[in-house]
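Working notes, structure below.
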Amino acid sequence: MSSKITEKIWSSDIERKIIEDWRVNNAYDNVETNHSKDRYFVIDTPPPYPSGRPWHIGAAAHYSQIDMISRVARLKGFKVIFPIGVDRNGIPVEIHTEKKYKIRMRNTERKEFLKLCKLTLDDTESEFIEILESLGLSANFKQKYQTDSPDFRAFTQSTFIEMWNKGLVYLGNRPNNYCIDCGTTIADAEITYEEIETKLVYIKFFLENNNEFIVIATTRPELLFACQAVIVNPDDERYKEMQGKTLKIPIFNREVKIRPHHSANKSFGSGAVMVCSYGDLNDVQLFREMSLTEIKSIDLNGKTTEFAEMFSNLRIKEARSKIIDELEKQGLVKKIEIISHRTPLCERSKTPIEIISLEDYYLKQVDFKSNLLEQSKQIKFYPEMHRQILLNWINSISIDWPISRRRFYGTEIPIWYCTECKKPNLPEPGKYYRPWDEHPPFDKCKSCNNDKFEGEKKIFDTWMDSSITPLYITKFYKNKEIFNNIYPVSIRPQGKDIVRTWLYYTLLRCLYLTNQIPWQSAWIMGYGVDEKGEKMSKSKGNVIDPLPIIKKYGADAFRFWSASETNVGYDFRCSELKIQSAQKFLSKLWNIGRFISNFEIIDENNKPQELKATDKWILSELSSMTKKCLEGYEELNFFIPANALREFTWNIFAAHYIEMIKSRAYNNESEEERKSALYTIHKCFRTILLLLEPISPFITYELWKKIYEDVEIVSEQKTIPSVEKEYDAFVSSTHHIIKFNSEIWNKKKETLSSVTNKPLSLKDPIKSQIPSELELFKDDLIMMHNIIVD
RNA sequence: GGGCCGGUGGUCUAGCCUGGUUAAGAUACCGCCUUGACAUGGCGGGGGUCGUUGGUUCGAAUCCGACCCGGCCCA
Numbered sequence: 001m002s003s004k005i006t007e008k009i010w011s012s013d014i015e016r017k018i019i020e021d022w023r024v025n026n027a028y029d030n031v032e033t034n035h036s037k038d039r040y041f042v043i044d045t046p047p048p049y050p051s052g053r054p055w056h057i058g059a060a061a062h063y064s065q066i067d068m069i070s071r072v073a074r075l076k077g078f079k080v081i082f083p084i085g086v087d088r089n090g091i092p093v094e095i096h097t098e099k100k101y102k103i104r105m106r107n108t109e110r111k112e113f114l115k116l117c118k119l120t121l122d123d124t125e126s127e128f129i130e131i132l133e134s135l136g137l138s139a140n141f142k143q144k145y146q147t148d149s150p151d152f153r154a155f156t157q158s159t160f161i162e163m164w165n166k167g168l169v170y171l172g173n174r175p176n177n178y179c180i181d182c183g184t185t186i187a188d189a190e191i192t193y194e195e196i197e198t199k200l201v202y203i204k205f206f207l208e209n210n211n212e213f214i215v216i217a218t219t220r221p222e223l224l225f226a227c228q229a230v231i232v233n234p235d236d237e238r239y240k241e242m243q244g245k246t247l248k249i250p251i252f253n254r255e256v257k258i259r260p261h262h263s264a265n266k267s268f269g270s271g272a273v274m275v276c277s278y279g280d281l282n283d284v285q286l287f288r289e290m291s292l293t294e295i296k297s298i299d300l301n302g303k304t305t306e307f308a309e310m311f312s313n314l315r316i317k318e319a320r321s322k323i324i325d326e327l328e329k330q331g332l333v334k335k336i337e338i339i340s341h342r343t344p345l346c347e348r349s350k351t352p353i354e355i356i357s358l359e360d361y362y363l364k365q366v367d368f369k370s371n372l373l374e375q376s377k378q379i380k381f382y383p384e385m386h387r388q389i390l391l392n393w394i395n396s397i398s399i400d401w402p403i404s405r406r407r408f409y410g411t412e413i414p415i416w417y418c419t420e421c422k423k424p425n426l427p428e429p430g431k432y433y434r435p436w437d438e439h440p441p442f443d444k445c446k447s448c449n450n451d452k453f454e455g456e457k458k459i460f461d462t463w464m465d466s467s468i469t470p471l472y473i474t475k476f477y478k479n480k481e482i483f484n485n486i487y488p489v490s491i492r493p494q495g496k497d498i499v500r501t502w503l504y505y506t507l508l509r510c511l512y513l514t515n516q517i518p519w520q521s522a523w524i525m526g527y528g529v530d531e532k533g534e535k536m537s538k539s540k541g542n543v544i545d546p547l548p549i550i551k552k553y554g555a556d557a558f559r560f561w562s563a564s565e566t567n568v569g570y571d572f573r574c575s576e577l578k579i580q581s582a583q584k585f586l587s588k589l590w591n592i593g594r595f596i597s598n599f600e601i602i603d604e605n606n607k608p609q610e611l612k613a614t615d616k617w618i619l620s621e622l623s624s625m626t627k628k629c630l631e632g633y634e635e636l637n638f639f640i641p642a643n644a645l646r647e648f649t650w651n652i653f654a655a656h657y658i659e660m661i662k663s664r665a666y667n668n669e670s671e672e673e674r675k676s677a678l679y680t681i682h683k684c685f686r687t688i689l690l691l692l693e694p695i696s697p698f699i700t701y702e703l704w705k706k707i708y709e710d711v712e713i714v715s716e717q718k719t720i721p722s723v724e725k726e727y728d729a730f731v732s733s734t735h736h737i738i739k740f741n742s743e744i745w746n747k748k749k750e751t752l753s754s755v756t757n758k759p760l761s762l763k764d765p766i767k768s769q770i771p772s773e774l775e776l777f778k779d780d781l782i783m784m785h786n787i788i789v790d
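Numbering follows the working numbering, in which position 625 of the first sequence is assigned residue number 625; successive positions increment by one, without gaps.
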């Protein structure tokens, strides 16, 4: 008798060989799409963004779990379409490239800059893909797509042209969020807020032809010259008499009216507020409501305009301090307080955003809100609580989505403007267009027949690309038959931090283009936080790089940890100790496999007529474990199966059952009883491997191949373990068995051997009685403990 | 100001939806043990008024109310 497994411990080196095995056999590159809809499980995989090192351990856990989703679907018999793409457009790579080559985008020739971005991306991308493969991702790597490929960009442009033709896009000159550092318009979703200390300056405004003044507190004194009104709360007794009167703006001496408005907060500052173009979003609102004339205050480089007179062409901070100095010189400052002010920042560069009027393209969304709310009811959310993030976001939307960016590395907006009549001309959809560098694919302007054009230089917001992944992976535009077979796709797995961007924009765009929701369900994962429960961030320096951890413990240990640590939708803590303990479990499983592989395989075909009670008992426990696992998998909650498997395998199957049947397995006294044990032990082990496969695919694959000498565990023919009720009654014996075994072990420990004067060894005989409730298991218990019955 | 989530031995979590033995597991700590797969193992031990408080109930970690603390998101 010898074990089929020689390696004493499970080592992650074996994982690399298995990946090669899968690659050679095309195990997961199944792309066939010609069956009827209900046979497919299609995953709208998040395309990772290779923005630089290190990667985030939470992201690695995230992709591991997405893979578990795909493997569970295969276990249930679906054909799984698991694409993998790489998100390669947008500002982060531009910033990364600027740093890497020590250049500035705007001082670099556009073509040259694009080339360097591409190099940067290629570099980081290959490493990312390697990590994903080493995690055991069963995705279609052979047909990996990139969002900056001509094919994908043509796709993005086609959807834009279609939306343009439907009248959903417009060009608008409106105040918008602008990041001076990035030099572009940004969407609300790209803004973060931070409490920043700033000066609140109390400035005296004198009434016209009068020595009286009122005090106005502001954090933006540099915008004084762009002030077009002063508002006070209509209920504010202090200013009752002042409403409608005229004030003189200090330094600039222009006249503005005092107007009542409910948005003036009586308790902030002096209660009187200056309204400038534009200090914040409320100013924008007020300018619109009161039909005030905009004064352009800040230019695209972040400097004050000529309207600032002696303070023009200054950076915002400079202008602020100079104006404060001047006001103080003229005795117009009553006081200055330092306050903590909630400041909107650009998510990417962390620069305070300015509100500037610029011409940009907008995609309508405000008019579509109620439809979005209605349609989102049809999507199942895992977990349900995260639906609220989407609903809150939709409800808070107040302006249309600005989709153009004044940047370089992104999908070009496919528009040429007629030099004569200035009207936009759009090409036919289907091709990739680069208007800033190419001649238009038409000769004459549709409106005026002129033959000279200027190509649009702006590019799309990167969410314009990534928000069509469900359409791209289902061959929308390209193959109607495939598209009809597999759209809407089964599931969108993603992090909760990008619900208001990726999830929301995808819903919006897909509804516009297909009139259908893009996915049946959305599976929303929480953040990976550090050991102390704090959010990981590069600035805090607590980001854990997953690469060395995966190298050290192996992907399976990492995946098992990820499954057993994270409750679906909740944040999870990342600690190396926990990953170590996952590795120990795999070690245990490996050793159980080594033991089991000693014995001949008794399967359903030569199953004995009658099983021993002990065997029936473990089958009842197996069944209850299977039930828990399947329920957990049904909810896509891997925490449940991981813990059920660990508990059963280690604390019941190995600790009690295997010990109880060892003598029957080794000895040939009764062939039927031996077969009963061997049948049961293999049945349990196969079930464990099948159920663990979605979580830890490597070790289960290897053990299955070694012991059962086939690769059924990855094939489509594998059978999902069933929940059998036949032996249910035996479950009640579990706690009696555990209690009895424990008592005997304790007794042996407490009894000193007459020979060695040390506690009895587990092999030593001991006198005891078998309690009546364990009568059925008597034979196995006697052999297990070497009991001499009194 | 609004929304969502959480508070259970030293630490991290499960249990709560569906109330019912002595509150479970992992980890850390302490003690013992070469045993026919496994020392990356096995056995045993100490350690918790389940955030506070009021209510419902024969019975509350679990249901209801109020409050306190922490996290995240939005205004």
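For every residue, glycine included, the Cβ atom is placed at its ideal position computed from N, Cα and C. Keep in mind the model is a prediction, meaning the values are calculated, not measured.
Taking the Cα of K763 as reference, the smallest distance to any Cα among P771, S676 and S663 is reached at S663. For Q143, there is no enclosing alpha helix (DSSP H); the enclosing beta strand (DSSP E) covers residues N140 to Q146. Excluding the 5 residues flanking it on each side, Y178 has same chain C-beta neighbours closer than 6 Å at T185, E354 and I356, in chain order. Under the Cβ criterion (8 Å, minimum of three pairs), the region 675 to 695 counts as touching the region 717 to 729.
Between the alpha carbons of K588 and P488 lies a gap of roughly 42 Å. Annotation note: the region 659 to 693 contains no uninterrupted beta strand (DSSP E) run of length 3 or greater.
Each residue's CA atom was taken as its position, placing C227 and I389 some 37 Å apart. Taking a 10 Å sphere around the C-beta of N637, we find 16 or more other C-beta atoms and assign the residue as buried. When C-alpha distances from I517 are compared across I81, I486, Y679 and I782, the shortest belongs to I486. Setting aside the 5 residues that flank it on each side, G593 is surrounded in the same chain by I5, F685, L703, K706 and I707, each with a C-beta closer than 8 Å to its C-beta; the list follows chain order.
With a cut-off of 8 Å on Cβ pairs, the region 329 to 349 is in contact with the region 192 to 210, counting three or more such pairs. Rounded to the nearest whole angstrom, the C-alpha separation of F595 and K142 is 38 Å.
Here the alpha carbon of R320 sits roughly 10 Å from the alpha carbon of E326. Residues S12 of the same chain have their beta carbon placed closer than 8 Å to that of K551, with the five preceding and five following residues left out of the count.
Selection D451, I544, L586 and D148 evaluated against R573 yields I544 as nearest (Cα-Cα). With contact defined as three or more Cβ pairs closer than 8 Å, the region 550 to 570 and the region 55 to 72 are in contact.
In the three-state reduction of the DSSP assignment, E197 falls in the strand class. One Cα belongs to V93, the other to R406, and the distance between them is close to 15 Å. Taken through DSSP and simplified to helix, strand or coil, F740 comes out as helix.
In this structure, the beta-carbon distance from I84 to K17 does not fall below 7 Å.
In the DSSP annotation of this structure, the continuous segment of the alpha helix (DSSP H) that includes Y505 starts and ends at Y504 to T514. DSSP places C276 within a strand segment (E or B) once states are collapsed to three. In the DSSP assignment, D123 falls within the unbroken alpha helix (DSSP H) covering R110 to S134. Between the region 735 to 748 and the region 758 to 773 there are three or more C-beta pairs closer than 8 Å, enough to call the two in contact.
Three or more pairs of CB atoms, one per stretch, sit closer than 8 Å, so the region 270 to 277 contacts the region 211 to 219. Going by C-alpha positions, A582 is about 13 Å away from I699. Residues P150, R153, A154 and Q157 of the same chain have their beta carbon placed closer than 7 Å to that of Y432, with the five preceding and five following residues left out of the count. Under the three-state reduction of DSSP, F252 is assigned to coil, being neither helix nor strand. T184 sits in a strand when the DSSP states are folded into three classes.
In the assembly as shown, C448 is an exposed residue. Its beta-carbon has fewer than 16 other beta-carbons within 10 Å. Remark: C-beta atoms of A264 and N233 approach each other more closely than 7 Å. Counting C-beta pairs closer than 8 Å gives three or more between the region 379 to 396 and the region 523 to 533, which meets the contact rule.
The C-beta of M310 has fewer than 16 other C-beta atoms within 10 Å across all chains shown, which makes the residue exposed.
For secondary structure counted as the alpha helix (DSSP H) over 4 or more consecutive residues, the region 400 to 475 holds these complete runs in sequence order: 463 to 466 and 469 to 472. Annotated three-state conformation of W519 is strand, per DSSP. Of the candidates W22, W55 and D44, the residue whose Cα lies closest to the Cα of C510 is D44.
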